[in-house]
Amino acid sequence: MKITTFISSILALACLYLPLAQAASPAEEGAELYIISPANGALLQNPITIRFGLKGMGVAPAGIEKTNTGHHHLLIDLEELPALDAPVPADEQHRHFGAGQTETTLELSPGKHTLQLLLGDHHHIPHNPPVVSEKITIHVNGD
Ligand SMILES: [Cu+2]
Numbered sequence: 058m059k060i061t062t063f064i065s066s067i068l069a070l071a072c073l074y075l076p077l078a079q080a081a082s083p084a085e086e087g088a089e090l091y092i093i094s095p096a097n098g099a100l101l102q103n104p105i106t107i108r109f110g111l112k113g114m115g116v117a118p119a120g121i122e123k124t125n126t127g128h129h130h131l132l133i134d135l136e137e138l139p140a141l142d143a144p145v146p147a148d149e150q151h152r153h154f155g156a157g158q159t160e161t162t163l164e165l166s167p168g169k170h171t172l173q174l175l176l177g178d179h180h181h182i183p184h185n186p187p188v189v190s191e192k193i194t195i196h197v198n199g200d
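First residue of the sequence shown: 58, per this note's numbering; consecutive thereafter.
Below, the structure is given as structure tokens:
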């Protein structure tokens, strides 16, 4: 086989398999993600503890491929969900809990903030369909 043919075969195979390797894991039907606390509309003082609730699926650390599991991502002050077919970004507004944590304590600037949870699979990619919580609004006290 000519080298160019060989290279194009490799490229074709790569194009075929890369998207498959990155495909979203299926979500368990009826799985439910929610913020146990704080309550929507809560008036809070720093530091703020947020408890993550998940029904119908299990929590597994990032990197562990196990059916019907994922790890939590806390979305802070996001207008829209991140891309659902790619790994969740990692920054101040997209916090990963890749060790399998089910709660966190953090400091937020005084004022109004929104919080939302999004489950991600072992590759940090949201499941299909996405397992996402309602978005809640909290108010952080200035003093
Ligand atoms: Cu993640």
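Using N, Cα and C, we set each Cβ at its ideal position, and we do this for glycine too.
| Item | Value |
| --- | --- |
| Within 6 Å of ligand 1: residues by beta-carbon to any heavy atom | A119, H128, H130, V145, H153, G155, G177 and H181 |
| Completely contained beta strand (DSSP E) runs for the stretch 74-160, where each covers 3 or more residues | 89-94, 105-112, 126-133 and 151-153 |
| Where G199 falls: helix, strand or coil (DSSP) | coil |
| contact_flag[the stretch 101-116, the stretch 144-153] where n(CB pairs < 8 Å) is 3 or more | no |
| Separation of Q158 from H128, as counted between CA atoms | 8 Å |
| Proximal residues to L75 (C-beta, below 7 Å), its chain only, five neighbours per side dropped | Its pLDDT being 48, under 50, L75 is placed unreliably by the model, and nothing is read from it. |
| Where K192 sits in the DSSP three-state scheme | coil |
| Beta-carbon proximity of I107 to L165, cut-off 8 Å | no |
| Span of the beta strand (DSSP E), counted from its first residue to its last, around L165 | Per DSSP, L165 belongs to no beta strand (DSSP E) and is neither H nor E. |
| Whole-angstrom distance between N97 and G168, CA atom to CA atom | 14 Å |
| Between the CA atoms of A99 and I105 - distance to the nearest angstrom | 11 Å |
| Through-space distance from H170 to G199, alpha-carbon basis | 13 Å |
| Proximity of L135 and R152 at Cβ, strictly below 8 Å | no |
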